[in-house]
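If you read the sequences in order, they're chains H and P.
Here the numbering used here runs 91 ahead of the position in the first sequence, where the first position is 1.
Here the numbering used here runs 31 ahead of the position in the second sequence, where the first position is 1.
Yeah, the Cβ is synthetic: ideal placement off N, Cα and C, and Gly gets one too.
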Amino acid sequence: MLTLFGVAIVVAGFLARFNPLLVVTVAAIVTGLLGGLSLAHVIAAFGKAFNDNRFVSLAFLVLPVIGLLERGGLLERGRMLIAGIRAATTGRLLLLYFMLRQLSAALGLTSLGGQAQMVRPLIAPMAEAAAEVRVGALPDRLRFLIRAHAAGADNIGAFFGEDIFIAFGSVLLIKGFLQQSGIEVQPLQLSLWAIPTALAALAIHGTRLFLLDRWILREAVSREAAMLEGGQ
Amino acid sequence: MIRLEAVYWLAGGLFAIFAVLSALDRANPKRWGNTVFWGLFATSFLFGSRLGDLANGILVLAMVAIAGFGGLGIGQPATTSAQERNASARRLGNWLFAPALTIPAVTLFGALVLKSVKLGGVFLIDPKQATPISLGLGVLAAGALAAVLLRPPPLAAFQQGRRLIDTVGWAAVLPQMLAALGAVFALAGVGGAVGSLVSHALPADNRLAVVCAYTFGMALFTMIMGNGFAAFPVMTAGIGLPLIVRKLGGDPVIMASIGMLSGFCGTLMTPMAANFNIVPAALLELPDRYAVIKAQIPTALLLLLANTLLMYFLVFRF
Numbered sequence: 092m093l094t095l096f097g098v099a100i101v102v103a104g105f106l107a108r109f110n111p112l113l114v115v116t117v118a119a120i121v122t123g124l125l126g127g128l129s130l131a132h133v134i135a136a137f138g139k140a141f142n143d144n145r146f147v148s149l150a151f152l153v154l155p156v157i158g159l160l161e162r163g164g165l166l167e168r169g170r171m172l173i174a175g176i177r178a179a180t181t182g183r184l185l186l187l188y189f190m191l192r193q194l195s196a197a198l199g200l201t202s203l204g205g206q207a208q209m210v211r212p213l214i215a216p217m218a219e220a221a222a223e224v225r226v227g228a229l230p231d232r233l234r235f236l237i238r239a240h241a242a243g244a245d246n247i248g249a250f251f252g253e254d255i256f257i258a259f260g261s262v263l264l265i266k267g268f269l270q271q272s273g274i275e276v277q278p279l280q281l282s283l284w285a286i287p288t289a290l291a292a293l294a295i296h297g298t299r300l301f302l303l304d305r306w307i308l309r310e311a312v313s314r315e316a317a318m319l320e321g322g323q
Numbered sequence: 032m033i034r035l036e037a038v039y040w041l042a043g044g045l046f047a048i049f050a051v052l053s054a055l056d057r058a059n060p061k062r063w064g065n066t067v068f069w070g071l072f073a074t075s076f077l078f079g080s081r082l083g084d085l086a087n088g089i090l091v092l093a094m095v096a097i098a099g100f101g102g103l104g105i106g107q108p109a110t111t112s113a114q115e116r117n118a119s120a121r122r123l124g125n126w127l128f129a130p131a132l133t134i135p136a137v138t139l140f141g142a143l144v145l146k147s148v149k150l151g152g153v154f155l156i157d158p159k160q161a162t163p164i165s166l167g168l169g170v171l172a173a174g175a176l177a178a179v180l181l182r183p184p185p186l187a188a189f190q191q192g193r194r195l196i197d198t199v200g201w202a203a204v205l206p207q208m209l210a211a212l213g214a215v216f217a218l219a220g221v222g223g224a225v226g227s228l229v230s231h232a233l234p235a236d237n238r239l240a241v242v243c244a245y246t247f248g249m250a251l252f253t254m255i256m257g258n259g260f261a262a263f264p265v266m267t268a269g270i271g272l273p274l275i276v277r278k279l280g281g282d283p284v285i286m287a288s289i290g291m292l293s294g295f296c297g298t299l300m301t302p303m304a305a306n307f308n309i310v311p312a313a314l315l316e317l318p319d320r321y322a323v324i325k326a327q328i329p330t331a332l333l334l335l336l337a338n339t340l341l342m343y344f345l346v347f348r349f
């Protein structure tokens with residue numbers, strides 16, 4: 092039970108907004124020591140897992156290409172493109188991306204999206220531009236909200252699509268775990284039972300993205316009203 | 032055969048260049064902090080496989096010491112003006128999207144096709160690591176295309192990459208740090224402690240209570256561990272299998288599938304899933320590092336509720 096102290100450190104540290112690297116390091120050392128490991132053992136275990144998980148950081152390889160394209164006007168081009176499509180609103184654009192992301196993930200094509208590859212250079216600036224076309228210059232609060240929703244659409248679409256794909260890691264993990272416990276299941280059965288949740292995610296998040304357009308308009312209207320009042 | 036290690040060398044080389052360019056950037060008052068930090072990250076990619084566990088651990092501690100106490104600044108490489116970018120966007124038109132879309136296209140091609148290509152009886156790329164290797168190939172292809180299209184000055188790509196990695200800053204290593212924390216948690220037996228805590232405090236014959244304990248427990252423990260894969264074995268061994276399946280006769284497939292997806296709802300709500308929630312906030316230059324999580328919480332909670340109802344109504348029926 093004492094080892095749960097490390098969990099408490101993580102929760103408190105993140106809530107207090109200390110630098111997360113410090114929080115994680117302190118929590119790891121405290122947990123390890125309370126769990127009966129020596130300091131050197133904890134540091135070695137920590138270093139080994141850090142090293143084994145380097146593949147997580149390979150997404151940063153795309154940054155020079157993305158940066159180069161941004162230098163050449165990628166964000167500006169995205170805005171021009173969206174401004175030319177009258178039907179494009181922030182909510183519809185994000186909904187379309189969300190649905191494509193969920194569908195492609197369900198077919199095992201998770202590498203078609205991604206935060207560094209798609210959201211930062213393409214989806215977020217286009218979603219912002221679509222709002223600018225409709226309501227003019229965006230206040231920071233709204234601009235940041237739209238960007239956060241662009242990131243959210245990528246995550247939620249991927250999470251609740253990929254489990255439908257029979258070779259996805261979590262499907263194989265579940266199969267392996269149940270097998271160890273003496274229960275044989277087929278990956279296809281697991282995939283099929285991921286579909287109800289995928290549909291629920293589509294309904295819930297789709298509705299929220301649909302409502303995002305109204306929220307943007309309302310924000311813009313109330314801002315104009317405030318400006319008129321301020322002018323009197 | 033191209034192995035994952037080759038992609039690590041690519042990343043190591045890139046971060047080494049970031050380190051050198053940081054050292055030359057007099058506009059950044061903390062340039063030496065950036066130099067050492069990205070230099071250590073480059074070392075990890077280049078030599079991590081040969082350093083040994085303790086040395087890797089000390090390397091991580093050194094990175095934490097720099098970033099944790101505000102030692103990182105943000106580089107200010109020269110870039111184009113708004114007018115230049117607008118002119119370039121008009122001139123190149125939609126061709127600008129081509130390199131950006133090349134990355135996922137090549138990644139996909141590699142992961143689906145190159146994976147099984149053999150030259151002289153040897154796989155061209157390590158089939159077990161097809162996706163990260165293909166990502167590396169995609170970046171190289173996209174970089175070449177962008178260079179032909181844009182004809183930038185020689186170091187521009189690296190300077191622009193440095194601009195972006197500096198905006199991400201310390202968050203760049205957080206996903207790996209959290210994976211490492213998970214490993215220490217596992218060694219110290221945190222999972223077992225949480226599992227026994229939850230299963231002791233539970234009325235074991237009430238279907239709704241047990242299902243709620245499992246789905247909400249999955250979400251909560253996923254929030255603590257930062258990923259559903261770590262939470263699943265603990266919660267399923269503690270609640271799912273003994274109570275829902277064995278005691279109350281629920282279907283193991285439905286229990287496991289919807290249980291895992293309940294964990295994913297937790298992933299949407301936790302800073303511990305840094306690569307999904309914290310790194311994007313940094314990449315999108317959001318001042319609130321929890322902004323992405325806040326945008327996701329309503330969906331996550333509604334979906335957790337939906338999962339709980341789905342499990343309650345389906346798991347005892349099939």
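Pairwise C-alpha distance: residue j and residue i
| i | j | result |
| --- | --- | --- |
| residue 152(P) | residue 32(P) | 10 angstroms |
| residue 101(H) | residue 61(P) | 28 angstroms |
| residue 102(P) | residue 220(H) | 35 angstroms |
| residue 112(H) | residue 201(P) | 8 angstroms |
| residue 309(P) | residue 284(P) | 33 angstroms |
| residue 268(H) | residue 269(P) | 13 angstroms |
| residue 121(P) | residue 175(H) | 13 angstroms |
| residue 187(P) | residue 107(P) | 13 angstroms |
| residue 231(P) | residue 103(H) | 25 angstroms |
| residue 125(H) | residue 140(H) | 19 angstroms |
| residue 309(H) | residue 245(H) | 25 angstroms |
| residue 148(P) | residue 185(P) | 34 angstroms |
| residue 154(P) | residue 145(P) | 9 angstroms |
| residue 98(P) | residue 311(P) | 18 angstroms |
Start-to-end residues for the alpha helix (DSSP H) that takes in residue i
| i | result |
| --- | --- |
| residue 32(P) | No alpha helix (DSSP H) contains residue 32(P), which DSSP labels as neither H nor E. |
| residue 133(H) | 130–143 |
| residue 138(P) | 128–143 |
| residue 271(P) | Careful: residue 271(P) lies outside any alpha helix (DSSP H) and carries neither H nor E. |
| residue 271(H) | 260–271 |
| residue 110(P) | Here residue 110(P) belongs to no alpha helix (DSSP H), and DSSP marks it neither H nor E. |
| residue 17(P) | Because residue 17(P) is not part of the residues shown, which for chain P are 32 to 349, the question remains open. |
| residue 216(P) | 205–219 |
| residue 219(H) | 215–226 |
| residue 65(P) | 62–82 |
| residue 282(H) | 278–283 |
| residue 104(P) | Careful: residue 104(P) lies outside any alpha helix (DSSP H) and carries neither H nor E. |
| residue 285(P) | 283–298 |
is_contact[residue i, chain P] using C-beta, thresh 8 angstroms
| i | result |
| --- | --- |
| residue 171(H) | yes |
| residue 163(H) | yes |
| residue 202(H) | yes |
| residue 116(H) | yes |
| residue 254(H) | yes |
| residue 192(H) | no |
| residue 181(H) | no |
| residue 212(H) | yes |
Cutoff 8 angstroms: residue i Cβ touching any chain H Cβ
| i | result |
| --- | --- |
| residue 284(P) | yes |
| residue 149(P) | no |
| residue 107(P) | no |
| residue 291(P) | yes |
| residue 39(P) | yes |
| residue 32(P) | no |
| residue 157(P) | no |
| residue 170(P) | yes |
| residue 288(P) | yes |
| residue 298(P) | yes |
Residue of the options minimising C-alpha distance to residue i
| i | options | result |
| --- | --- | --- |
| residue 258(P) | 300(H), 316(H), 269(H) and 250(H) | 250(H) |
| residue 279(H) | 149(H), 255(H), 144(H) and 294(H) | 255(H) |
| residue 299(H) | 154(H), 171(H) and 186(H) | 186(H) |
| residue 179(P) | 133(H), 163(H), 150(H) and 154(H) | 163(H) |
| residue 264(P) | 282(P), 278(P), 245(P) and 279(P) | 245(P) |
| residue 286(H) | 302(H), 262(H), 271(H) and 274(H) | 262(H) |
| residue 239(P) | 161(P), 209(P), 341(P) and 298(P) | 341(P) |
Exercise. Are the segment 182–193 of chain P and the segment 43–60 of chain P touching, with three or more C-beta to C-beta distances below 8 angstroms?
Worked result: yes
For this session: Specify whether the segment 32–51 of chain P and the segment 84–93 of chain P touch according to this definition: at least 3 beta carbon pairs, one from each stretch, less than 8 angstroms apart.
Result: no
Exercise. Do the segment 287–296 of chain P and the segment 243–253 of chain P touch if we need at least three Cβ pairs shorter than 8 angstroms?
Worked result: Result yes; three or more Cβ-Cβ pairs closer than 8 angstroms.
Problem set entry | Stretch pair the segment 215–231 of chain H + the segment 193–200 of chain H: three plus CB contacts closer than 8 angstroms | no
Exercise. Does the pairing of the segment 177–185 of chain H with the segment 134–141 of chain P give three or more beta-carbon distances under 8 angstroms?
Worked result: no
For this session: Could you tell me whether the segment 206–214 of chain H touches the segment 301–319 of chain H, using the rule of 3 or more Cβ pairs below 8 angstroms?
Result: Contact check between the segment 206–214 of chain H and the segment 301–319 of chain H: fewer than three CB pairs, one atom from each, fall below 8 angstroms, which does not count as touching.
Exercise. Counting pairs of Cβ atoms below 8 angstroms between the segment 287–298 of chain H and the segment 336–345 of chain P, do you hit three or more?
Worked result: yes
For this session: Kindly confirm or deny that the segment 145–153 of chain H and the segment 163–170 of chain P touch, where touching means at least three C-beta pairs closer than 8 angstroms.
Result: With a cut-off of 8 angstroms, the segment 163–170 of chain P and the segment 145–153 of chain H count as touching, because enough Cβ pairs lie within range.
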